[in-house]
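Visitor: Input: one structure, supplied below.
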Amino acid sequence: MPFSKDFLWGGATAANQCEGGYNQGGRGLANVDLVPHGKDRFPIITGEMKHLEFDEEHFYPAKEAIDMYHHWKEDLALFAEMGFKTYRMSIAWTRIFPKGDEQEPNEEGLQFYEDIFRECQRLGIEPLVTITHFDCPVHLIKEYGGWRNRKMVGFYENLARAIFTRYKGLVRYWLTFNEINMLLHAPFMGAGLVFEEGENKEQAKYLAAHHELLASALATKIGHEVDPENKIGCMLAAGDYYPFDCNPENVFEAQKQNHDNLFFIDVQSRGKYPNYLLKRLEREEITLPIEKGDLEILAENTVDFISFSYYASRVAKVKDEDADKSAGNIFESVKNPYLEASEWGWQIDPLGLRITMNSIYDRYQKPLFIVENGLGAVDKPDENGFVADDYRIDYMAAHIKEMKKAVELDGVELLGYTSWGCIDLVSAGTGEMSKRYGFIYVDRDDYGKGSLKRTPKKSFNWYKKVIASNGEDLTNE
Numbered sequence: 001m002p003f004s005k006d007f008l009w010g011g012a013t014a015a016n017q018c019e020g021g022y023n024q025g026g027r028g029l030a031n032v033d034l035v036p037h038g039k040d041r042f043p044i045i046t047g048e049m050k051h052l053e054f055d056e057e058h059f060y061p062a063k064e065a066i067d068m069y070h071h072w073k074e075d076l077a078l079f080a081e082m083g084f085k086t087y088r089m090s091i092a093w094t095r096i097f098p099k100g101d102e103q104e105p106n107e108e109g110l111q112f113y114e115d116i117f118r119e120c121q122r123l124g125i126e127p128l129v130t131i132t133h134f135d136c137p138v139h140l141i142k143e144y145g146g147w148r149n150r151k152m153v154g155f156y157e158n159l160a161r162a163i164f165t166r167y168k169g170l171v172r173y174w175l176t177f178n179e180i181n182m183l184l185h186a187p188f189m190g191a192g193l194v195f196e197e198g199e200n201k202e203q204a205k206y207l208a209a210h211h212e213l214l215a216s217a218l219a220t221k222i223g224h225e226v227d228p229e230n231k232i233g234c235m236l237a238a239g240d241y242y243p244f245d246c247n248p249e250n251v252f253e254a255q256k257q258n259h260d261n262l263f264f265i266d267v268q269s270r271g272k273y274p275n276y277l278l279k280r281l282e283r284e285e286i287t288l289p290i291e292k293g294d295l296e297i298l299a300e301n302t303v304d305f306i307s308f309s310y311y312a313s314r315v316a317k318v319k320d321e322d323a324d325k326s327a328g329n330i331f332e333s334v335k336n337p338y339l340e341a342s343e344w345g346w347q348i349d350p351l352g353l354r355i356t357m358n359s360i361y362d363r364y365q366k367p368l369f370i371v372e373n374g375l376g377a378v379d380k381p382d383e384n385g386f387v388a389d390d391y392r393i394d395y396m397a398a399h400i401k402e403m404k405k406a407v408e409l410d411g412v413e414l415l416g417y418t419s420w421g422c423i424d425l426v427s428a429g430t431g432e433m434s435k436r437y438g439f440i441y442v443d444r445d446d447y448g449k450g451s452l453k454r455t456p457k458k459s460f461n462w463y464k465k466v467i468a469s470n471g472e473d474l475t476n477e
């Protein structure tokens, strides 16, 4: 059997996409609360459009999402029924520090997550907790400019210390930032950045990047000090770039694109900025805000494991203006003619998961954890409310097969696998509910209407069987 008996099977969510309760329990306002559904969503998440107040023109899906704030016990019971060994979730920063710069945390918020973790413990589910998953207190954006300001490092340290201390013994597996490299593509979500007219956007992004990397290293240090049993990881939006063809220029372009994708975890895993990045920033006259002691902090506090999301591979071409494009997680890529695509244009590449696992493991020689993988699709319940999502089963079975090969045949060290959106939730990229990933159908539409009733899909029992067999039985019967 390729997977160890303690392999961590489970599912993943994010507070801002499922929790709701945006104004309950003392919670403050976060950037993601203010990202609406519709045409303005993309310019807002990329920092091009300033939108820091609610208005009547837009629908804001994160306000209520699927209301896990009130349904978490029911949802955890369903996860336990599937046999989850782990559940990846995130902590809403503004539940713990409503403004972000307070000295003392919000007790009601701390207790909310403690209740969840204790229920996980009772059910035999190991929490895997992301400290911040695309959320930043709005107050910190308005008053400090988000992560372009070094003061954010201290505010994040306070958050990390508060939760590491409170949840000692309840949580062992932690991630510092969700998909940290997405800061470069969705800077408002990734770093609370709203660009001012005439601002050097690339400079602002790399200011924020250094501050987040410094904060990640300090959180790793605090986590290990509070409890040496803690395992702290980084998290990457992964998917290797393939060259469009064997033209050396396209091969080199793919290498450059992969470098740009990996530099964050180069720092988090190796403890220093890679030379290729430093040289590129020098050419582009971008300055990293490195102060005395920063490089030592990065070097001394590397992560214990590397986690990543994988949905699709990508293609690189030097001159891509005339090339067909495929959609992706926030940004598009050159289309791969050898692959089929989902309804949202994401190209489906199970072997790409094995390739990506090998690339990352060969580069860092640290344990890996696949913390997001899945198929976003339009699910249509029958007259009884049941969804026969064979397409999701086919997608996941194909990816798990390649994951097994990477472990069994290639020797990749893998801690676990958590499918993304194990219960239907709001899409981070589009703000839709109709783009569903879950094993559990939630009666909710793109505009907040619906009963919120939870109903297991066909994939629910399939994944239950996969977990029970430790990945050996992938049949759809």
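In full-length UniProt numbering, the protein residues as written are 1 to 477. Using N, Cα and C, we set each Cβ at its ideal position, and we do this for glycine too.
Taking 7 Å as the cut-off, is the beta-carbon of Phe-188 closer than that to any non-hydrogen atom of the ligand HEM?
Guide: This structure does not include the ligand HEM; it has no bound ligands of any sort.
Visitor: Looking at the structure shown, is Trp-344 part of a helix, part of a strand, or coil, going by DSSP?
Guide: coil
Visitor: Would you check if the region 120-132 and the region 70-87 touch, i.e. whether three or more CB-CB distances between them fall below 8 Å?
Guide: yes
Visitor: Please name the residue or residues paired with Ala-237 in a DSSP beta bridge.
Guide: Residue pairing for Ala-237: DSSP places it in a beta bridge opposite Ser-309.
Visitor: Using the Cα positions of Asp-135 and Ser-269, report the straight-line distance between them to the nearest angstrom.
Guide: 23 Å
Visitor: For Val-378, count the other beta carbons within 10 Å of its own beta carbon; 16 or more makes it buried, fewer makes it exposed. Which is it?
Guide: exposed
Visitor: State the Cα-Cα distance for the pair Tyr-437 and Asp-424, rounded to the nearest angstrom.
Guide: 6 Å
Visitor: Less than 6 Å between C-beta atoms, sequence neighbours within five positions excluded: which residues of the same chain meet that for Ile-467?
Guide: Result list for Ile-467: Trp-9, Gly-83, in chain order.
Visitor: Let's see if you can read the secondary structure: which residues bound the alpha helix (DSSP H) around Glu-402?
Guide: 390-408
Visitor: Under the DSSP definition of a beta bridge, which residues are partnered with Arg-314?
Guide: Tyr-241
Visitor: Please identify the residue among His-210, Asp-389, Thr-130, Phe-195 whose C-alpha is closest to the C-alpha of Glu-291.
Guide: His-210
Visitor: Count the other CB atoms within 10 Å of the CB of Tyr-338; is the residue buried (16 or more) or exposed (fewer)?
Guide: exposed
Visitor: Taking the runs of the alpha helix (DSSP H) that are 4 residues or longer, which of them lie wholly in the region 413-477?
Guide: Taking only runs of at least 4 residues, the alpha helix (DSSP H) segments lying wholly in the region 413-477 are 458-468.
Visitor: Using DSSP with H/G/I as helix, E/B as strand and the rest coil, what is Phe-7?
Guide: Assignment of Phe-7 by DSSP, reduced to helix, strand and coil, places it in the coil class.
Visitor: For Ser-90, count neighbouring Cβ atoms within 10 angstroms of its own Cβ and tell me buried if that reaches 16, exposed if not.
Guide: buried
Visitor: Can you check which of these residues, Ala-92, Phe-59, Thr-132, is closest to Tyr-113 by C-alpha distance?
Guide: Ala-92
Visitor: Using C-beta distances below 6 Å, list every residue in its chain close to Asp-101, excluding the 5 sequence neighbours before and after it, in chain order.
Guide: Phe-155
Visitor: The alpha helix (DSSP H) that contains Pro-350, what's its start and end?
Guide: 350-364
Visitor: Which parts of the region 252-304 are runs of the alpha helix (DSSP H), unbroken and 4 residues or longer, counting only runs that do not cross its ends?
Guide: 275-283, 294-300
Visitor: Arg-88 by DSSP, collapsed to three states: which one?
Guide: strand
Visitor: Would you mind sorting Gly-376 into buried or exposed? The rule is 16 or more other CB atoms within 10 Å of its CB.
Guide: buried
Visitor: Mapping DSSP to helix, strand and coil, what is Thr-132?
Guide: strand
Visitor: Can you list, in chain order, the stretches of the beta strand (DSSP E) that have 3 or more residues and sit fully within the region 59-133?
Guide: Taking only runs of at least 3 residues, the beta strand (DSSP E) segments lying wholly in the region 59-133 are 86-90, 126-132.
Visitor: Taking only runs of the beta strand (DSSP E) that begin and end inside the region 166-195, which ones reach a length of at least 3 residues, in chain order?
Guide: Here the runs fully enclosed are 173-177.
Visitor: So what does Ala-377 bridge to, in DSSP terms?
Guide: Looking at the DSSP assignment, Ala-377 forms a beta bridge with Arg-436.
Visitor: Can you name, in chain order, every residue of its own chain whose Cβ lies under 8 Å from the Cβ of Arg-148, other than the five neighbours on each side?
Guide: Ala-191, Leu-193, Ala-204, Leu-207, Ala-208, His-211
Visitor: Give the secondary structure of Leu-339 by DSSP, where H, G and I count as helix, E and B as strand, and everything else as coil.
Guide: coil
Visitor: So what's Lys-50 in DSSP terms, helix, strand or just coil?
Guide: In this structure, Lys-50 counts as coil in the three-state DSSP scheme.
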